[in-house]
Amino acid sequence: MDGIEAVIQRWEDALASHDAEALLACYARDAVLESPVAAHILGGPGICRGHEELRPFLAEVVARTPDERQYHRAGFFTDGRRATWEYPRQTPDGEQMDFVEVMEIDDGLIQAHRVYWGWRGVEILSTDQYHRD
């Protein structure tokens with residue numbers, strides 16, 4: 004396993020093991036992450052720039068990640084620099100939320116990470132149902 008696949012595997016392993024520092028180590032020091040959940044957790048525009056802003060966000064994501072995630076990514080598309088994947092997750096009441104993630108990767112590190120939420124996911128955020136079970 005090398006290149007983009009290795010970076011994504013390290014990222015997924017760090018998230019699954021609730022290791023915020025290992026997750027942070029997947030990102031370049033000046034990486035930019037954009038996500039509706041960043042706005043929800045931290046307030047503000049939903050953009051984290053660099054390790055200083057990523058660290059508290061990723062720590063909170065890890066704290067809110069259930070031990071057994073309902074996560075069904077079957078694979079990803081890549082052009083050699085960018086990985087894109089879509090996946091569903093279950094809401095607390097069993098409904099489906101849809102997500103798309105895009106990571107731009109260079110020199111074995113995530114340079115940019117954008118997360119797009121479908122409407123049901125946005126509704127979950129707006130009613131503050133996004134939390135660890």
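When we follow my numbering, the leftmost residue of the sequence shown carries the number 4, and every step to the right adds one.
Just so it is clear, CB atoms sit at the ideal spot from N, CA and C, and this is done for glycine as well.
State buried or exposed for residue i, treating a residue as buried only when at least 16 other CB atoms are found within 10 Å of its CB.
i      : result
Val64  : buried
Ala9   : exposed
Trp120 : buried
Gly111 : exposed
Gly124 : buried
Trp122 : exposed
Is residue i near the ligand ZN, judged by its Cβ being under 7 angstroms from some heavy atom?
i     : result
Gly83 : Looking for the ligand ZN in the displayed structure turns up nothing, as the structure carries no ligands at all.
How is residue i classed by DSSP in three states: helix, strand or coil?
i      : result
His116 : strand
Glu104 : strand
Asp16  : helix
Ala66  : helix
Phe60  : helix
Ala34  : strand
Gln73  : With a pLDDT of only 49 at Gln73, under the threshold of 50, the placement of this residue in the model should not be trusted, and no figure is reported.
His43  : helix
What does residue i pair with, by DSSP beta-bridge criteria?
i      : result
Arg85  : Glu107
Arg92  : Met100
Arg123 : None; Arg123 has no bridge partner.
Cys29  : DSSP lists no partner for Cys29.
Ile11  : DSSP lists no partner for Ile11.
Ile50  : Glu37
Phe80  : Thr87
Here's a check: name, in chain order, each residue in its chain whose Cβ is nearer than 8 angstroms to the Cβ of residue i, leaving out the five neighbours to either side.
i     : result
Pro91 : His75, Gln99, Met100, Asp101 and Phe102
Return the chain-ordered list of same chain residues with a C-beta closer than 6 angstroms to the C-beta of residue i, the five sequence neighbours on each side being excluded.
i      : result
Glu89  : Val103
Val118 : Ser38 and Glu104
Leu61  : Ala23, Leu26 and Leu27
Ile7   : Thr81, Ala86 and Ile108
Using a Cβ-Cβ cutoff of less than 7 angstroms, which residues in the same chain neighbour residue i once the five nearest sequence positions on both sides are dropped?
i     : result
His21 : Val65 and Thr68
Next on the checklist: Could you check whether the segment 31–48 touches the segment 80–92, counting it as contact only if at least three pairs of C-beta atoms, one from each stretch, sit closer than 8 angstroms?
Outcome noted: no
Checklist entry - Can we say the segment 17–34 touches the segment 87–100, given the rule of at least three CB pairs closer than 8 angstroms? => result no
Checklist entry - So, do the segment 101–110 and the segment 16–27 have three or more beta carbon pairs nearer to each other than 8 angstroms? => result no
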